[in-house]
Amino acid sequence: MEVIHKIGRRKTAVARVYLSEGKGNITINKKDIKDYFDTATLQYKVNQPLALTDNEGAFDIKVNVFGGGITGQAEAVRLAISRAMCELDAENRLILKPEGLLTRDPRMVERKKFGQKKARKKFQFSKR
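Each residue of the sequence shown is one higher than the one before, counting from 0 in the numbering used here.
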């Protein structure tokens, strides 16, 4: 099996995933997953597509991720792994699609507007 390369995005985070046959090692930015994503919630998010498709421990995954925050990065990695699972076997799409793991979350930070305090918050107006 050759290496499968997929990209996942979330907010401003971009994750490049390289999937190859192996023992189940997940390396993110040259660190182990437990060192990079230290909370169990983030580790669960990354492992979710592998668990649903019963591929835990079957593949070595190398990830390059940058931009955004830690949660955005975890969700970007999850999307990239989900896309790789679909390329591996078309049957996986039927498992991952209903869970919403193949949908790119379009929500982005709204820009701050001129003459306002933040994106939506206005300056306080006093009637004196």
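Using N, Cα and C, we set each Cβ at its ideal position, and we do this for glycine too.
Keep in mind that this is a model prediction, so the values were computed, not measured.
(message) Does the structure place the segment 64 to 80 close enough to the segment 111 to 125 that three or more beta carbon pairs sit under 8 Å?
(response) With the cut-off at 8 Å, the segment 111 to 125 and the segment 64 to 80 do not touch.
(message) Tell me which residues share the same chain as S19 and place their Cβ nearer than 6 Å to its Cβ, disregarding the 5 neighbours each side in the sequence.
(response) Only residues of its own chain outside the window of five on either side were considered, and among them V2, D59 have a CB closer than 6 Å to the CB of S19, listed in chain order.
(request) Output the boundary residues of the alpha helix (DSSP H) element that contains S81. (result) First-last of the alpha helix (DSSP H) with S81: 69 to 87.
(request) Since I believe N63 is in contact with R8 (beta carbons under 8 Å), could you give me their beta-carbon distance rounded to a whole number of angstroms? (result) Not quite, the Cβ-Cβ distance comes to about 13 Å (not below 8 Å), so this is no contact.
(request) With DSSP as the reference, label K61 as helix, strand or coil. (result) Assigned with DSSP and collapsed to three states, K61 falls in strand.
(request) Check the DSSP bridge columns for S19 and list the partner residues they point to. (result) Within the DSSP bridge table, the entry for S19 names D59 as partners.
(message) Suppose you measure from the CA of A83 to the CA of A73; what does that come to, to the nearest Å?
(response) Looking at the two C-alpha atoms, the distance is approximately 15 Å.
(request) Could you spell out the range, first to last residue, of the beta strand (DSSP E) harbouring R9? (result) In the DSSP assignment, R9 falls within the unbroken beta strand (DSSP E) covering 3 to 9.
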